[in-house]
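Residue numbers (the UniProt record's numbering): 1 to 550.
Beta carbons are placed, not taken as given, at the ideal position from N, Cα and C, and that holds for glycine.
First the structure, in the form of structure tokens, and then the observations on it.
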């Protein structure tokens, strides 16, 4: 594990509620077993959430062009999103979907498909909602009836403010899109625009429901003494809070994560994240070091279950500092057994790669001439990613057309793809990272190399398909490439992004291993905008030629 403290930081005895029981490993195991089967989507990783969002956004126009009414074309894919983020909504939306398609007397294949989608979504959502009740009952049993008033319970309830504003904005945008459909000439374009507007309205309602539920649950938690449990916790590499059983000092089995915000006396402070319901924590917090924090003793207020709101009173990281009070700003997200094993395995792999990189760096310094400058650049996996991106952009443009040729929506998508694909391909094909004594020179943008001083570097990590380089001041940078974990394990291979992240992390953490020279201008790479212009020109020529031949 990346964090290996002999003892957790202790919580003062005076901060413990009277009779507060410990949530031991056996009780936590029963809590984890109350989760629904692993094929029920409870907790998705960020890349899976991205796939859900992209699928919803791409499916809605496609269904509209297939002839479905706009509201039906939006309702069908929205059930995928609701199943992941708001299973409570599916209890009402699934029957409503069936009623809509029956009342409108749509063709029987559409009716059958809609009924099947509604049935599957309803079953999965019901399994998840019932599992929540079982988890809550298990947590209450572990608390043994011991309750305590929440610290700072009289403070303002900020939960849901940011989501409410975002929901209203989405509703207005969606309504405007629906109203603007009449400006399109072709009937299929009008139907697609109306469907997309209905989708945005649905997203706005989803965000508003999330805001209302989060606020209601947070208010209910404050209203009366809450169940309490002694646990261990730490801040994970993404800035969320990881909770473990009270006797799991080796952090072998994380139970759940939750986004939290430290309580503040300032009523005007905005809620940091008001995180979307299954969403990720803020990646750009300025004070995060992107390494798991120290293990700390804590008291958990509230009955944890999938989607619950909690309060955590934890030991401070600074000596003699008072305990820290943190409110949840997002829902509790449990780890399944499979996800917990995967996370532990990834931590072991990262630790092993960093150890190997440190040994290599020290060996190079002892047995060879020290390298004044080191550099890394795009390789075969990046070239493969570029080819896949080009194919996807081509698929968008060369999707089915009408007899009149390329409709307006395809032309707009094609030229939007020109700008996006040209810029991203230039970065994917020619990115370069150069390390010298000053820091990292990143040639990962169109304007040219940028220096990131070592002190401004937060972390370099491989997250799913992405290599992410984060800095304290300025925008973070990432580049993605295909990754097949099962094939790598079978062949005993290490992904280039894993090796690069380990090497850069080693240099970041150990100044003695960093290159001692000063890189020259040509070693840092060139500006990438000329390449983007060339790629954009080629893509434009292809689009115009295809339009002419159509």
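Check                                                                                                                                             : Outcome
Using beta-carbon positions only, say whether residue 452 and residue 471 come within less than 8 Å of one another.                               : yes
Relative to the C-alpha of residue 170, which residue among 146, 338, 137 and 198 is closest?                                                     : 198
Rounded to the nearest angstrom, how far is the Cβ of residue 125 from that of residue 83, given a contact under 8 Å?                             : 6 Å
Can residue 391 and residue 482 be called in contact, C-beta distance under 8 Å?                                                                  : no
Report the rounded CA-to-CA distance for residue 450 versus residue 469, giving the unit in angstroms.                                            : 13 Å
If you compare alpha carbons, which of 420, 465 and 454 is closest to residue 438?                                                                : 454
Please confirm whether residue 37 and residue 143 have their CB atoms less than 8 Å apart.                                                        : no
Quick one: which unbroken alpha helix (DSSP H) runs of 4-plus residues sit fully inside the segment 202–235? Chain order, please.                 : none
Quick one: what does DSSP say residue 109 is sitting in, helix, strand or coil?                                                                   : helix
With a CB to CB cut of under 7 Å and the five nearest residues on each side skipped, what residues in its chain are close to residue 523?         : 373, 375 and 434
By Cβ distance below 7 Å, which residues in the same chain neighbour residue 70 in space, the five residues on each side in sequence not counted? : 64, 191, 194, 195 and 198
Determine the extent of the beta strand (DSSP E) in which residue 505 is found, giving its start and end residues.                                : No beta strand (DSSP E) contains residue 505, which is instead part of the alpha helix (DSSP H) from 496–509.
Give the straight-line distance between the Cα atoms of residue 305 and residue 331, rounded to the nearest whole angstrom.                       : 9 Å
Is it right to say residue 81 is buried, meaning 16 or more other beta carbons lie within 10 angstroms of its own, or is it exposed?              : buried
Find out if the Cβ-Cβ distance for the pair residue 35, residue 336 is shorter than 8 Å.                                                          : yes
From the DSSP secondary-structure annotation, give me the bridge partner or partners of residue 477.                                              : 469
Hey, residue 97 and residue 75: beta-carbon distance below 8 Å or not?                                                                            : yes
Rounding to the nearest angstrom, what Cα-Cα distance links residue 138 and residue 52 in this structure?                                         : 31 Å
Over the uninterrupted beta strand (DSSP E) stretch that includes residue 453, give me the two end residues.                                      : 450–453
For residue 381 and residue 502, I'd like the C-alpha separation in whole angstroms.                                                              : 17 Å
State buried or exposed for residue 39, treating a residue as buried only when at least 16 other CB atoms are found within 10 Å of its CB.        : exposed
If you draw a straight line from the C-alpha of residue 533 to the C-alpha of residue 163, how long is it?                                        : 39 Å
Would you please state the rounded distance, in angstroms, between the beta carbons of residue 456 and residue 515? I believe it to be under 8 Å. : Residue 456 to residue 515, Cβ: 17 Å. No contact.
Should residue 172 go down as buried or exposed, given a rule of 16 or more other Cβ atoms within 10 Å for buried?                                : exposed
Go ahead and pull the three-state DSSP assignment for residue 24.                                                                                 : coil
Name the DSSP bridge partner or partners of residue 244?                                                                                          : 232
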